[in-house]
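Chains as they are written, first to last, in UniProt numbering: chain P, 1 to 337; chain D, 1 to 337.
Here a beta-carbon is modelled for each residue, glycine too, at the ideal position from N, C-alpha and C.
Protein chains: 2
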Amino acid sequence: MPDEPDVKLIDVARKAGCSPATVSRVLNHNAKVNTATREKVLQAAMDLAYVPNGSARSLRSTKSRLAGAVIPTLDHAIYATMVNSLQARLTENGVSLIINTSSYDIDREYEQVRLLVERGVESVVLVGAAHRRETIALLEQRNIAYVFTYTAKPTDIGAAVGFDNEKAGRLAARHLIDLGHTRIAMLGGITINNDRAVSRRDGFVAELRDNNLAPLGILETPYQADGGHAGMKRLMLADTPPTAVICASDIAAAGALKYCRQNDIAVPGTVSVLGFDNLDIGELTTPELTTIDVPAGEMGRIAADYLLAPAAQRQHMRIRELPLRLVVRGSTAALLR
Amino acid sequence: MPDEPDVKLIDVARKAGCSPATVSRVLNHNAKVNTATREKVLQAAMDLAYVPNGSARSLRSTKSRLAGAVIPTLDHAIYATMVNSLQARLTENGVSLIINTSSYDIDREYEQVRLLVERGVESVVLVGAAHRRETIALLEQRNIAYVFTYTAKPTDIGAAVGFDNEKAGRLAARHLIDLGHTRIAMLGGITINNDRAVSRRDGFVAELRDNNLAPLGILETPYQADGGHAGMKRLMLADTPPTAVICASDIAAAGALKYCRQNDIAVPGTVSVLGFDNLDIGELTTPELTTIDVPAGEMGRIAADYLLAPAAQRQHMRIRELPLRLVVRGSTAALLR
DNA sequence: CTGTTAGCGCATTCAG
DNA sequence: CTGAATGCGCTAACAG
């Protein structure tokens, strides 16, 4: 099946016996076109298996129906889930999504955004509130809509949909304090270039301080089971081991749990473990994980709605703080005396 | 910062004191250009923060540097991981990736592919070997490179990178047979529109038959923990419960494990449980999961390499069957008599 | 309601 | 090595 010369709009016009403009009208903004000719055009397009040329279309109309997302990685469910719903919502509205990953590196993020701009995206989804000046400047200058996710902290100009990471850190600490713990450690995320991890840590520390407590230790660990495992080991072998540990993610928490199981450390008897994200895995470990729910899917959906909204309406949608929810399961318990 | 009128190639030319053609040459195929003027052009482009217009570029050159992927969902690590490495490899080579999801529906898949064609993608990644005729015809007709993943079964014309799903089914069965099991059930994936689940089931049944065994039951379950939980329940409450169960994925297997734990059914003492995919979660359950490794990341990388290769070379890369690996951990054991 | 005209921004001929 | 000219396929004005 050799490639027949691509059929274009003008071929459809010829076959339908009308002008290219009319074909364009039928295929697009549905401006008033006689029903009879409309049918003929549609028929002709069908017969010829016509597929419009998006490049030509964008070039002429300066509308690309393209959006971009730059996320740290797709290899973590919390981002994959967000992108999944973002993509679904955008596609429902005829917008295609280009995805790029930054590996948590804001310089790479900038490069990727540049690429997206080059591709002609009309909107961009970013993660977090910390970005290079150039990134934002570029977006502003090209008049591209953008929104930050996983944060509720917009810049002067940017919008945000997500949650307050500091509150998240406080919420976690609060839960453990309420259970009577005083020796609380954190197995936090890597804070370099990750403003969300920073805020959560700060919130955690602040909440302890407000209760005249100090963290027993703050370790940073990648969002992986191994990291949680190794971190828990360090924590539990210390002179003064914690009675409660806040983990950067459910994955890390599951790794921490594994360390405890392997070493006959009772959870939550000896040490309480708190996860973060509310991933599926939290219900599959033994004990099941107490965690903080991150509404990833909803974030994707809302981000899409924001970007799809007419520019005028966007003003009123600039901050969308989603509620944080503590999910209490079996891995945390009151401190035994 | 109001939107200054977008700077275009001709502006760069003016600023650099040369013709647009020269600027184009500098920015692209690096055809011989005097080093001095090249520098001036680069400088001017920098100063003006010039970003080329991709649409115009593609329209003129008929090269879009765009690829597309249509996968069932991003909400399952096995696909997200593949896409993650696919994207990384493509980006390294200046190709952007548009992602669409089909929800395991080949009619939707066709729609998405059409959209991708419209966007001008030069190559497409699909999952599995079962697709609508129209999908393949469209790709062939437009001369778009495409590759199937998670399968080693190419069509007459399409390429494939993945593994033999029937072998996977057989491998799973083999492991349990070797352990002395005869009452073996399957908690398989939904087979509608999923040729891979079909093949794995067929391989499973075939291997049993080759050993004069018949499956004790085959249930279909979505790739979720709940499904595994519910399926395991049905299986274990049957008149003749199995002594070994093959699950569609590690997620389902983890759900099955949970059911057993809740009901004091010993794993692997009373029943062995075999997972599939080798996700992180497999090392975090109790017991840890015996599973079959699916090289998702490698698939993405290889698929990218295939699509990036010059058309001539692709002929020699059409099938790439990756090895399947049984990962034995604690959830399977020899049958006790 | 429909056709005609004129580019969108760029890469590619073809001459110099 | 460089410039001038010519559309890529389509849609937005403007007439009719």
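Using CA atoms only, rank isn't needed, just tell me which of the options is closest to residue i.
i	options	result
residue 296/D	273/D, 286/D, 277/D	277/D
residue 177/D	199/D, 204/D, 152/D	204/D
residue 300/P	72/P, 39/P, 76/P, 88/P	88/P
residue 250/P	211/P, 213/P, 292/P, 27/P	292/P
residue 224/P	247/P, 101/P, 215/P	247/P
residue 211/P	53/P, 25/P, 182/P	182/P
residue 15/D	200/D, 175/D, 48/D, 275/D	48/D
residue 189/D	219/D, 207/D, 124/D, 132/D	219/D
residue 129/P	72/P, 216/P, 86/P	72/P
residue 171/P	208/P, 162/P, 136/P, 148/P	208/P
residue 298/P	162/P, 281/P, 230/P	162/P
residue 53/P	95/D, 38/D, 122/D	122/D
residue 231/P	215/P, 217/P, 187/P	187/P
residue 306/P	86/P, 36/P, 229/P, 202/P	86/P
residue 111/P	202/P, 95/P, 135/P	135/P
residue 302/P	38/P, 206/P, 148/P	148/P
Grab me the residues of residue i's own chain with a C-beta within less than 6 Å of its C-beta, minus the 5 sequence neighbours each way, in chain order.
i	result
residue 45/P	12
residue 330/P	287, 288
residue 20/D	9, 10, 13
residue 319/D	154, 160
residue 90/P	67, 97, 304
residue 198/D	191
residue 200/D	165, 168, 169
Assign residue i to one of two classes, buried (16 or more other C-beta atoms within 10 Å of its C-beta) or exposed (fewer than that).
i	result
residue 340/P	Past the boundaries of the shown model lies residue 340/P; chain P is included only from 1 to 337, so the question cannot be answered.
residue 10/D	exposed
residue 173/D	buried
residue 17/P	exposed
residue 239/D	exposed
residue 323/D	exposed
residue 103/P	exposed
residue 269/P	exposed
residue 194/P	buried
residue 133/D	exposed
residue 36/D	exposed
residue 214/P	exposed
residue 312/D	exposed
residue 229/D	buried
residue 263/P	exposed
residue 216/D	buried
residue 76/D	buried
Report all residues from its chain with a CB closer than 7 Å to the CB of residue i; omit the five preceding and five following residues, and keep chain order.
i	result
residue 227/P	221, 252, 255
residue 138/P	113, 114, 117
residue 131/P	106, 109
residue 267/P	257, 260, 273, 287, 331
residue 41/D	12, 16, 18, 22, 23, 26
Near residue i, what residues of its chain come up, given a Cβ to Cβ distance below 8 Å and the 5 sequence neighbours on each side ignored?
i	result
residue 271/D	236, 241, 242, 243, 244, 245, 260, 265
residue 334/D	179, 180
residue 421/P	In this structure chain P extends from 1 to 337, so residue 421/P is not present and cannot be described.
residue 140/D	157
residue 175/D	274, 290, 326, 328, 332
residue 336/P	269
Confirm, please, whether the CB-CB distance from residue j to residue i is below 7 Å.
i	j	result
residue 321/D	residue 159/D	no
residue 61/P	residue 120/P	no
residue 233/D	residue 284/P	no
residue 308/D	residue 93/D	yes
residue 424/P	residue 98/P	What is shown of chain P runs 1 to 337, which leaves residue 424/P out entirely.
residue 279/D	residue 80/P	no
residue 83/P	residue 126/P	no
residue 146/D	residue 196/D	no
residue 59/P	residue 24/D	no
residue 281/P	residue 281/D	yes
Does at least one heavy atom of the ligand NAD sit under 6 Å from the Cβ of residue i?
i	result
residue 254/D	Ligands are entirely absent from the displayed structure, and the ligand NAD is therefore not among its contents.
| request: Below 9 Å between beta carbons is the criterion; list the residues of the stretch 36-55 of chain D that meet it against any residue of chain P, in chain order. | output: 49, 51, 52, 53, 54, 55
| query | What residues in the stretch 85-108 of chain P have a beta carbon less than 8 Å from any beta carbon of chain D? | reply | 87, 88, 91, 96, 97, 98, 99, 100, 101
| message | Please identify, using Cβ separations under 8 Å, the residues of the stretch 260-290 of chain D that lie next to chain P, in order along the chain. | response | 261, 280, 281, 283, 284, 285, 286
| message | Under 8 Å, CB to CB, which of the residues in the stretch 114-146 of chain P have a partner in chain D? | response | 114, 115, 116, 117, 118, 119, 120, 137, 138, 140, 141, 142, 143
| Just by C-beta distance, which residues in the stretch 228-260 of chain D are closer than 8 Å to chain P? | So the close ones are 251, 254, 255, 257, 258.
| query | Using Cβ-Cβ distances below 7 Å, what residues of the stretch 66-83 of chain P are close to chain D? | reply | 73, 74, 75, 77, 80, 81, 83
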